[in-house]
Every structure is written in C-alpha cells, then in structure tokens.
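Enquirer: Right, I'll just put the structure down here and ask away after.
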Amino acid sequence: MRLLIDDANIEEIRRLMDLYPISGGTTNPSILAKYGDDPWTLLKKLRTLYGEERDFHVQTIAMDADGMIGEGRHIAEVLGKNTFVKIPCIPEGFKAMKTLSKEGYRITGTCIYTPLQAYLAIESGAQYVAPYVDRIDNMGYDGVEVVKIIQDIIDNNGYEAKVLAASFKNSQQVLELCAYGIDSATCVPSVIDNFTNSAAILAAVEKFRSDFEKTAGQGKTMAEL
Ligand code: E4P
Numbered sequence: 001m002r003l004l005i006d007d008a009n010i011e012e013i014r015r016l017m018d019l020y021p022i023s024g025g026t027t028n029p030s031i032l033a034k035y036g037d038d039p040w041t042l043l044k045k046l047r048t049l050y051g052e053e054r055d056f057h058v059q060t061i062a063m064d065a066d067g068m069i070g071e072g073r074h075i076a077e078v079l080g081k082n083t084f085v086k087i088p089c090i091p092e093g094f095k096a097m098k099t100l101s102k103e104g105y106r107i108t109g110t111c112i113y114t115p116l117q118a119y120l121a122i123e124s125g126a127q128y129v130a131p132y133v134d135r136i137d138n139m140g141y142d143g144v145e146v147v148k149i150i151q152d153i154i155d156n157n158g159y160e161a162k163v164l165a166a167s168f169k170n171s172q173q174v175l176e177l178c179a180y181g182i183d184s185a186t187c188v189p190s191v192i193d194n195f196t197n198s199a200a201i202l203a204a205v206e207k208f209r210s211d212f213e214k215t216a217g218q219g220k221t222m223a224e225l
C-alpha cells in the first residue's frame, strides 16, 4: 500500500518525506484554508516539494460540470498534467470526469461515502477513488467495510482504477486496509507518526542501546568500534 500525506504544512511534509516512504500528497480546500496562504502559491510549493516522482492530488471547488472542467484544465496547466484532479463524486462531477478523462487528464473521484459513488466515478474515467473512512464511521456506518466493498467492485469487474483511501483517524483503520491490499492511503501527519508511536517500541530500542554501551562504552556505536 502506498502512503500519501493529507496535509499542506510544508515543514511537516518535508519532515515526513525525510523519515518515511511517502508516495505523494493530497489536499482539499479545507486543508489549504488552514494555512492561510494564497492557494495557488501553496499548491505550487507543494507540487515542487513532492517532485515528479511523487503523486499530487488537488481538488476542484465548482459545483457544476463546466466549472469543474475549467478548474481541472487549469490545475493541470499550472501544476502539470501529471497532477491528479480531485473531483467530488456528485452527478455534475461524473459529467466533468467523463469530459476530462477523454482529454487525458488524471482524475481522482473524491468525497466518496458509498460504493456506488466509486463505481460511477470509475465508469466515468477516474483512475483513483477516494472513500472517506472516518467520516463514514462517524455517520454510524463502517468506513473500512465500505472501502473493502469498493476494492471488491474493482477486482470483480476487472477495473484498472485504484483506491486512495482517505479520512483516517487511527492506525487500526489504516492497518485493516493495508492488509486488504488497497493501493493507497492518505493520512494526516499525526496518524502516520502514530504507526510507530509506542512506549514499548522505544523502550525496546533504548534497552538494546544501553546493553551495548555496557560493553562498548557510553555514546559508542557499531561504527566507532
Ligand atoms: C482526502 O483527500 C480527503 O479530502 C480527506 O482525507 C478528508 O479527510 P478528513 O475527514 O480528515 O477531513
């Protein structure tokens, strides 16, 4: 499973890319609004930061297909045609996806709460579908289960589209989908850090270090012996 960052904080993204195997990033208008910059200035910085080798997904704002199509073309023109245009999975969104996908743009169907939204996005030409795991949980349904059904739809119909699961609040949600074999998960920095944020893990590493220092001397490492 590929891991993406669902945030727009440049320093945090730099830190996470330095530490972890990060395959790209996602934004939405609410994430961009948190950092108060001009959206295009921030998006250009993020595109540069992720570079050509990592994916970047940027969301449209318009509520109608013509508006989404115009924004999609503009996103690709400013940020590069390899940028994924995130389009909400509403009826006007599917109309926009049909046009943009025929023109060769990369599409991510977003705001997915139900498997049939994902199905319609895929048939409309989306390469990625982004179900919102925790938001579905908060509605009293099972977000992980919804994503598994979407993955089954993809597998059983022979679609090439992939799942980019989003809206995670804890490691368990990510773990279950990683074990199920979904393509990608996009997570906020705290969720990624929490994959290994355990006192037991740190204590084990520190115990090994202190045992080593008993024979090698304080502050020594293997490279210094
Ligand atoms: C992904 O790109 C979505 O916009 C995002 O994951 C939604 O997450 P939230 O439910 O934490 O806002």
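Residue numbers (the numbering used here): 1 to 225.
Just so it is clear, CB atoms sit at the ideal spot from N, CA and C, and this is done for glycine as well.
All of these numbers come straight from a predicted model, not from anything done at the bench.
#1: Report the partner residues of Lys86 according to the DSSP bridge assignment.
#2: Would you identify the three-state DSSP class for Gly25, choosing helix, strand or coil?
#3: CB of Ala130 to nearest heavy atom of ligand 1: below 8 Å?
#4: Assuming contact is defined by CB atoms lying nearer than 9 Å, are Tyr229 and His57 in contact in what I supplied?
#5: When you compare each of Val85, Val78, Leu79 and Ala179 to Gly72 by their alpha carbons, which one comes out closest?
#6: With 16 other CB atoms within 10 Å as the buried threshold, where does Tyr105 fall?
#7: Going by DSSP, name the residue or residues bridged to Ile31.
#8: Just curious, the alpha helix (DSSP H) that Val133 is in, first and last residue?
#9: If we count the other Cβ atoms within 10 Å of its Cβ and call it buried at 16 or more, is Asp247 buried or exposed?
#10: Can you tell me the Cα-Cα spacing of Thr215 and Ile13, whole angstroms?
#11: Please report how far the alpha carbon of Leu32 lies from the alpha carbon of Ile201, in whole angstroms.
#12: Measuring CA to CA, which of Asn156, Ile150 and Cys187 is closest to Ala166?
#13: Indicate, with yes or no, if ligand 2 has a heavy atom lying under 8 Å from the CB of Val188.
#14: With distances taken between CB atoms, is the gap from Ile10 to Arg54 smaller than 9 Å?
#15: The alpha helix (DSSP H) that contains Val191, what's its start and end?
#16: Does any heavy atom of ligand 1 sit closer than 8 Å to the C-beta of Arg2?
Expert: Let's see:
#1: Gln59 and Thr108
#2: strand
#3: yes
#4: Any question about residue 229 goes unanswered here, given that the chain covers just 1 to 225.
#5: Val85
#6: buried
#7: In the DSSP output, where bridge partners are listed per residue, Ile31 has none listed.
#8: Val133 to Asn138
#9: As shown, the chain starts at 1 and ends at 225. That puts residue 247 outside it, with no answer to give.
#10: 39 Å
#11: 34 Å
#12: Cys187
#13: Looking for ligand 2 in the displayed structure turns up nothing; the ligands present are ligand 1.
#14: no
#15: Pro189 to Asp193
#16: no
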